[in-house]
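What follows is one structure encoded as C-alpha cells, with my remarks underneath.
Number of protein chains: 2
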Amino acid sequence: MTLVSDAATTAVLSGVELAQEIRAQVTATAAELTDAGVPPRLAVVVATDDESTAWYVRSIARAASRTGIRCDVVDLGAHAAPDRIRDELAALSEDPSVHGIVLQTPLPGAARAEELAAALSPEKDVDGANPVSLGRLSAGLPAFAPATAAAVLELLDHHQVPLSGRRAVVVGRSNVVGRPVAQLLLRRDATVTVCHRWTRDLAAHTRQAEVLVVAVGEAGLVGAEHVGPGAVVVDVGTNPTDDGGLVGDVDAGAVTGRAAGLTPVPGGVGPVTTALLLRHTVDSARRCTT
Amino acid sequence: MTLVSDAATTAVLSGVELAQEIRAQVTATAAELTDAGVPPRLAVVVATDDESTAWYVRSIARAASRTGIRCDVVDLGAHAAPDRIRDELAALSEDPSVHGIVLQTPLPGAARAEELAAALSPEKDVDGANPVSLGRLSAGLPAFAPATAAAVLELLDHHQVPLSGRRAVVVGRSNVVGRPVAQLLLRRDATVTVCHRWTRDLAAHTRQAEVLVVAVGEAGLVGAEHVGPGAVVVDVGTNPTDDGGLVGDVDAGAVTGRAAGLTPVPGGVGPVTTALLLRHTVDSARRCTT
C-alpha cells in the first residue's frame with residue numbers, strides 16, 4: 000500500500016491481518032519451544048473487579064491458548080494490598096516456568112502501577128511496565144516496550160509509513176502509551192512533539208503532524224480541524240459507547256477524506272497489541288533455550 | 000527578573016549566581032552531615048586520557064572539596080576493559096562510605112556508557128546515567144536526573160521562565176541531555192518537541208519555541224533564523240575555540256536583540272551542572288542519616 004499526501008480517500012489501516020500474521024509466527028514458535036521442553040507461559044496479575052478489564056484479560060487468555068501459550072490469570076481481588084501485589088510479581092519473576100508477566104491496570108486505590116512494576120523481572124516484563132524497561136528503551140538498550148506502544152510502530156511499519164525525518168505528534172503522555180510511543184518514534188528518527196491536557200491550541204500542533212498518534216481516552220477528541228491533509232492517524236483510544244460498542248479518540252467520519260490513513264477502532268491497534276504481548280512472551284521463553 | 004515577549008533587549012540568563020546559591024546550601028548541608036558522622040563522598044570514575052575531560056573532572060573535584068565533599072577520582076586508564084569499569088562501579092555502589100558516583104565519558108572504544116551505568120546503584124547515581132534513573136524519571140518516580148538536564152530546569156526556574164502549557168523545543172536527543180531535558184519539560188507540562196540531525200527544516204520547528212534548549216555540540220548551529228522573537232534560549236553546548244575559549248551551540252551575537260533571554264557560555268548551564276552534582280551527592284548522603 001502506498002500512502003500519498005493530499006489523498007482524497009483515506010486508507011483504513013487495519014490491524015487485523017497484521018495481528019493474524021504475528022499470531023501465526025507466535026504459534027509456530029510456541030510449538031518449537033514446547034517441543035524443546037520450554038512450554039511458553041504468561042501470567043496476568045489482576046486486582047480489580049472492573050468488567051471491561053475482565054473482558055480484556057479473557058481475550059488475552061483466549062488468544063494465548065490458541066497460539067499454544069499457557070496463560071494464568073492471577074486474580075488477587077479488588078482489595079489486594081500493594082504488598083500482596085508486589086509479592087506476587089516477585090514470586091512470578093522468580094518462577095522459571097513463567098516467561099511473561101503482565102500487571103493489569105486499574106489497581107486498587109493505594110497501589111501505583113509504576114512502583115509495583117519495579118518488582119517485575121525486566122526479562123519477563125512483556126508489557127514494558129517496569130520503569131527499567133522504559134529507561135532501557137529510551138537509552139537505546141534492548142527492552143520490551145509496552146505492547147500498545149509497540150503495536151503503534153508495528154502498524155505504521157506494516158502499512159509502510161515512513162518515519163525518519165517526519166513530523167510526528169503524539170497526543171497523550173501516559174507511561175503506557177504516550178511516553179513510550181514518543182520514545183519509539185524518536186528512535187526511528189521522527190521529529191516528535193508530545194501534546195497533552197496543558198497544550199495550548201492543540202489543533203495548531205496536530206495539524207502539522209505527518210504522523211499523528213492519539214492516545215488520550217476521550218471519544219471524538221480529534222476532529223477534522225486537528226488533522227492536516229495527507230496525515231497518517233493512529234487512534235489508540237478505546238472508549239465504550241452506550242450501545243456496547245467501542246470508539247476511538249478520533250472522529251473517524253470527520254477525518255475520512257482528509258487523512259491519508261486512519262487506524263480503525265476496533266480492529267486497529269487493539270488486536271496488534273494482544274498479538275505482541277504473545278510475541279514478547281515467546282521471545283522471553285526463547286531466551287531460556289539459548 | 001521578568002521576561003517579556005518581543006523584547007528588544009536580550010537578558011543574559013547567568014548561571015553563576017544560582018551556582019553560588021546552590022554551593023552555599025551544599026556547604027551547609029555537607030557540614031551538618033559531617034557533624035552527624037556521615038561525611039559526604041563523591042567518586043568520579045575516569046577511563047580516558049582526554050585533556051578536556053581531565054580539566055572538567057579537576058573542576059568537579061575542586062568544587063567538591065570547597066563545599067566539604069570528599070571527591071575521589073578513580074582513574075582506570077584509557078585502556079580499561081569494560082568489565083574492569085563495571086567492577087569498579089559495582090564496588091563503589093557497595094561501599095557505604097560513598098554517596099555519589101559519576102561515570103565520566105568518553106570511555107574506551109568497546110565500552111558503552113548506558114550498559115556500564117546499569118552497574119551503578121540508582122541511589123548513588125548522582126548524574127542520572129543508569130537507564131533505571133531515566134526510566135524512573137519519565138515514569139514520574141523519584142530519581143536523580145542527569146546533572147546537565149537538571150541544570151537546564153533549575154536555570155529556567157531561577158530566572159522565572161514559565162513552562163506549563165508553553166511550547167518547548169529541544170535540539171539534540173542524547174541520553175545525557177536532550178532526552179532527559181525533554182522528559183523534565185514534559186513533567187512540567189510544557190508541550191515538548193525533540194529535534195535532531197534528521198529533522199527537516201530545523202528552523203521552522205525552533206522558531207515556534209517559547210523555550211528553546213540547544214544541546215548538540217556544534218558551534219553556531221542556532222542563529223537568528225532559528226529563534227522566534229521573545230523566545231528564551233538555553234545553550235547547553237560547550238565547544239572549545241582555537242584560542243582556548245569556549246562557545247555554545249548558539250550564535251549569541253545573532254540572537255541577541257531577538258531572544259528575550261539567553262544563557263551565556265561559559266557561565267550559564269555549566270556552573271549550575273557542577274553545583275547540582277554536589278547537591279545530589281549530599282542529598283544521597285542525607286538518606287544515610289534517616
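Protein sequences appear in the order of chains D and L. For the first sequence, counting from 1, position 3 maps to 2 in numbering that gives the first Met the number 0; every step adds exactly one. For the second sequence, counting from 1, position 260 maps to 259 in numbering that gives the first Met the number 0; every step adds exactly one. Even for Gly, the Cβ is constructed at its ideal location relative to N, Cα and C.
The stretch 109–117 of chain L makes contact with the stretch 125–136 of chain L, as at least three CB pairs between them are under 8 Å.
Listed in chain order, the alpha helix (DSSP H) runs fully inside the stretch 132–167 of chain D are 146–157, counting runs of at least 4 residues.
Between R135(L) and chain D, the shortest Cβ-Cβ separation is below 8 Å. Proximity of chain L to R178(D) at the Cβ level (cut-off 9 Å) is accounted for by S137, A138, Q182 and L185, in chain order. Contact between the stretch 50–58 of chain L and the stretch 182–197 of chain L is not established, with fewer than three Cβ pairs separated by less than 8 Å. DSSP, read as helix, strand or coil, puts D74(L) in strand. Distance from G247(L) to T240(L) at the Cβ level is roughly 11 Å; contact not present, criterion being Cβ atoms closer than 8 Å. Taking C-alpha positions only, T8(D) is separated from R178(L) by approximately 37 Å.
Where D34(L) is concerned, the enclosing alpha helix (DSSP H) starts and stops at V15 to D34.
Restricting attention to G219(L), R285(L) and V281(L), the CA atom closest to the CA of R22(L) is found in V281(L). The Cβ of W197(D) sits closer than 8 Å to at least one Cβ of chain L. Of the candidates A150(D), D34(D), S132(D) and Q182(D), D34(D) places its Cα closest to the Cα of I68(D).
For the pair of segments examined, the stretch 209–226 of chain D was found to touch the stretch 151–169 of chain D: the number of CB pairs separated by less than 8 Å reaches three. By DSSP's assignment, C194(L) forms a beta bridge with V170(L). Neighbours of V221(L) across chain D, judged by C-beta separation under 8 Å, do not exist; the nearest C-beta is about 16 Å away. Listed along the chain, the chain D residues whose CB falls inside 8 Å of the CB of T190(L) are T192, V193, C194, H195, W197, T198, R199 and H204. Per the coordinates, the alpha-carbon of E16(L) lies some 52 Å from the alpha-carbon of V45(D). Listed along the chain, the chain D residues whose CB falls inside 9 Å of the CB of N238(L) amount to none; the nearest CB is some 24 Å away.
Per the coordinates, the alpha-carbon of A251(D) lies some 59 Å from the alpha-carbon of A62(L).
Excluding residues up to 5 positions away in sequence, A112 lie with their Cβ nearer than 7 Å to the Cβ of T104(D) in the same chain.
In the three-state DSSP reduction, R178(D) falls in the helix class (H, G or I). For E114(L), the chain D residues whose Cβ falls inside 8 Å of its Cβ are L140, in order along the chain. In the DSSP assignment, G229(D) forms no beta bridge with any residue. G164(L) belongs to the set of residues whose beta carbon lies under 8 Å from a beta carbon in chain D.
Residue pairing for D234(D): DSSP places it in a beta bridge opposite V213(D).
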